[in-house]
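Report on one structure; see the data block that follows.
Residue numbers (our numbering): 287 to 646.
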């Protein structure tokens with residue numbers, strides 16, 4: 287009798303548990319990137335890995351910019367729960383809080399793997415979640431692109447002086463500040479519209495991302511000149527925003543699967559950003575792209591203007607000051623380790639740092 291009772295209890299537990307184990311959760315992931323952009327391979331890989339690791343329990347459909355909402359509406363859609371997830375470049379949300387600018391990139395500062403060190407070990411992950419948490423979201427960085435291409439243009443630009451009077455598509459307020467200093471007009475054009483804006487003369491030049499990503503959105507077809515290095519984007523991070531209410535409905539194992547899939551993406555896509563430059567640069571060369579470089583004197587002047595902007599913005603916004611101080615504290619703390627690795631070190635040690643009250 288006792289064994290029969292135990293059997294009934296065990297059977298009841300199994301029967302009640304089956305729906306939970308069999309349940310399929312379907313989420314939508316909105317993207318700020320057009321379908322043809324090379325960046326979309328990141329979100330597709332992420333969704334595929336989550337599906338496979340969860341045994342199909344969490345199914346994520348990916349939707350490029352414009353399919354459900356335009357790029358600029360992705361943040362609010364996820365924040366309000368219209369969609370469970372979104373892929374972004376944090377710098378697009380500076381209208382919400384200028385600190386988001388830093389989470390996308392910081393001109394003249396962290397390199398690609400400086401950023402990864404800071405994000406994983408230096409408190410960066412917590413700062414992302416603090417910022418996105420203000421808007422009912424949790425966040426995972428899923429990729430960090432290497433240094434950007436610099437500025438591409440239809441007509442020759444070989445110095446800072448040549449930018450005067452030009453309309454330049456560029457993201458980031460610090461970079462925009464530099465454009466204003468040289469007499470250019472910064473313009474923020476969505477990724478899907480950059481090539482058309484160049485072709486029609488709405489902008490004279492554009493800075494977007496790495497060579498491969500520039501290639502994927504058609505910039506080789508509408509530009510002939512390229513001036514680097516990509517001081518405006520020494521790294522460019524992107525990731526997955528998740529509505530906090532939706533996140534809280536997930537069991538612990540699915541939350542862990544999302545974290546693992548995000549970290550796998552961070553590893554694979556960050557290295558791919560550099561690997562793809564091998565073929566992308568050759569393709570730009572085949573198209574006849576003429577490459578030039580800013581002088582050391584010009585780069586020093588740009589750095590001075592960027593630090594000037596950072597100091598002013600940090601004085602106005604406590605969130606900005608907290609994040610940028612954390613980033614530069616990492617750079618100061620890492621100086622000896624970087625110098626120790628010369629001539630095989632990655633990244634750089636600035637000759638001087640912006641004057642931030644909390645920077646030790």
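Ideal Cβ placement from N, Cα and C applies to all residues, glycine included.
Inclusion of residue 391 and residue 408 in the CB contact set at 8 Å is not warranted, their separation being larger than that value.
Residue 317 is bridged by DSSP to 373. Per DSSP, residue 514 is one residue of the beta strand (DSSP E) stretching across 511-514.
Sequence-distant partners of residue 312 (beyond 5 residues in either direction) whose C-beta falls short of 7 Å from its own C-beta, in its chain, are 345. By the Cβ rule, the segment 564-581 counts as touching the segment 490-502, because three or more pairs are nearer than 8 Å. Nearest to residue 348 by alpha-carbon distance, out of 360, 339 and 317, is 317.
Across the structure, residue 581 and residue 530 are spaced so that their CA atoms are roughly 47 Å apart. Under the three-state reduction of DSSP, residue 435 is assigned to coil, being neither helix nor strand. Assignment of beta-bridge partners to residue 473 by DSSP yields 455.
Excluding residues up to 5 positions away in sequence, 468, 469 and 470 lie with their Cβ nearer than 7 Å to the Cβ of residue 450 in the same chain. Here the alpha carbon of residue 588 sits roughly 14 Å from the alpha carbon of residue 597.
Per DSSP, reduced to three states, the secondary structure at residue 363 is helical.
Judged by their CB atoms, residue 454 and residue 510 are not nearer to each other than the 8 Å cut-off. Contact annotation, residue 446 with residue 481: C-beta distance approximately 25 Å; criterion of less than 8 Å not satisfied. Across the set 398, 637, 614 and 439, the C-alpha of 398 shows the shortest separation from the C-alpha of residue 429. With a threshold of 16 other beta carbon atoms within 10 Å, residue 534 falls short and is exposed. Three or more beta-carbon pairs drawn from the segment 325-342 and the segment 546-554 are found closer than 8 Å, and the two stretches are therefore classed as touching. One Cα belongs to residue 315, the other to residue 475, and the distance between them is close to 22 Å. Judged by their CB atoms, residue 432 and residue 560 are nearer to each other than the 8 Å cut-off. The shortest C-alpha to C-alpha distance from residue 514 to any of 420, 442, 320 and 619 is the one to 442. The alpha-carbon of residue 521 is positioned some 27 Å away from that of residue 485.
The continuous alpha helix (DSSP H) containing residue 556 extends over residues 538-561.
Put simply, the backbone Cα of residue 350 is about 43 Å away from that of residue 646. As computed with DSSP, residue 355 is found in no beta bridge at all. In the DSSP assignment, residue 311 forms a beta bridge with 344.
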